[in-house]
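Enquirer: Numbering (my numbering), first residue to last: 10 to 166.
Cβ coordinates follow ideal geometry from the N, Cα and C atoms, glycine included.
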């Protein structure tokens, strides 16, 4: 049953990460469209959803708590460092963007900028260049393991 609850969360996370990875040219231009028009860190939101989905599917509540603590510690720090770096790289354009677009919880209406990029939308070439297929393979491996565990009670869990 928990496998059925966790799977859609992880699939949603993969979709968010895929959309984000296919919409950004990292460190080349400030991307403010696509998922970046709703939040500054869609890749991290996708990772969060994948992680929650996997831990829910695994069925151990202590792993959910561990994941939440880990995510806040690691990604909270990462987002702060990234914010500082992007401010240095993109200056006032990033400051204006950051003041209008939340870091992690999506806004309802998309941000409209005059200087951002990514207006050409999702590109599969960017998705591949950003190696997002690695996340897909990782999630497939985890859910294969969890399905075997649920079906056969393997691995002593």
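1. Using 8 Å as the threshold, is the C-beta distance between residue 73 and residue 65 below it?
2. So, are the CB atoms of residue 23 and residue 150 less than 8 Å apart?
3. In angstroms, rounded to a whole number, what distance separates the CA positions of residue 30 and residue 49?
4. Closest by CA to residue 37, which one among 95, 83, 44, 16?
5. Using a threshold of 8 Å, state whether the C-beta atoms of residue 130 and residue 43 are closer than that.
6. Beta-carbon within less than 7 Å of residue 25's beta-carbon, same chain only, minus the 5 sequence neighbours each way: which residues are those?
7. So, for residue 21: in the same chain, excluding its five sequence neighbours on each side, which residues have a beta-carbon less than 7 Å away from its beta-carbon?
8. Just to confirm before moving on: does the CB-CB distance between residue 122 and residue 63 stay below 8 Å?
9. In this structure, how does DSSP classify residue 160 when only helix, strand and coil are distinguished?
10. Start and end of the alpha helix (DSSP H) containing residue 10?
11. For the alpha helix (DSSP H) that residue 94 lies in, which residues bound it at each end?
12. May I have the straight-line CA-CA distance separating residue 89 from residue 161, to the nearest angstrom?
Expert: Checking against the coordinates, here is how it stands:
1. Taking the first residue of the chain shown as position 1, residue 73 is located at position 64. Taking the first residue of the chain shown as position 1, residue 65 is located at position 56. Closer than 8 Å, so yes.
2. Residue mapping note: residue 23 aligns to position 14 of the chain shown, counting from 1. Residue mapping note: residue 150 aligns to position 141 of the chain shown, counting from 1. Against a cut-off of 8 Å, the Cβ pair of residue 150 and residue 23 comes out as no contact.
3. What you label residue 30 is simply residue 21 of the chain shown in a count that begins at 1. What you label residue 49 is simply residue 40 of the chain shown in a count that begins at 1. Taken atom to atom, the span from the alpha-carbon of residue 30 to that of residue 49 is near 13 Å.
4. What you label residue 37 is simply residue 28 of the chain shown in a count that begins at 1. If we check each option's Cα against that of residue 37, 95 comes out closest.
5. Translated into positions along the chain shown, residue 130 becomes position 121. Translated into positions along the chain shown, residue 43 becomes position 34. Yes, they are a contact pair.
6. For the purposes of this step, residue 25 is taken as residue 16 along the chain shown, with counting starting at 1. Excluding residues within five positions, the ones whose Cβ falls inside 7 Å are 44, 51, 54, 55, 58.
7. Locating residue 21 in the chain shown gives position 12, counting from the first residue. Closer than 7 Å at Cβ, skipping near neighbours: 58.
8. As a first step, residue 122 is located in the chain shown; it is residue number 113 there, counting from the start. As a first step, residue 63 is located in the chain shown; it is residue number 54 there, counting from the start. One thing to note: residue 122 has its Cβ no nearer than 8 Å to the Cβ of residue 63.
9. Here residue 160 corresponds to residue number 151 of the chain shown, with the count starting at 1. Per DSSP, reduced to three states, the secondary structure at residue 160 is helical.
10. For the purposes of this step, residue 10 is identified with residue 1 of the chain shown, where counting begins at 1. Note, residue 10: premise wrong, no alpha helix (DSSP H); not H, not E.
11. For the purposes of this step, residue 94 is identified with residue 85 of the chain shown, where counting begins at 1. For residue 94, the enclosing alpha helix (DSSP H) starts and ends at 70-109.
12. Residue numbering aside, residue 89 sits at position 80 when the chain shown is read from its first letter. Residue numbering aside, residue 161 sits at position 152 when the chain shown is read from its first letter. Straight across, the Cα-Cα distance linking residue 89 with residue 161 is about 43 Å.
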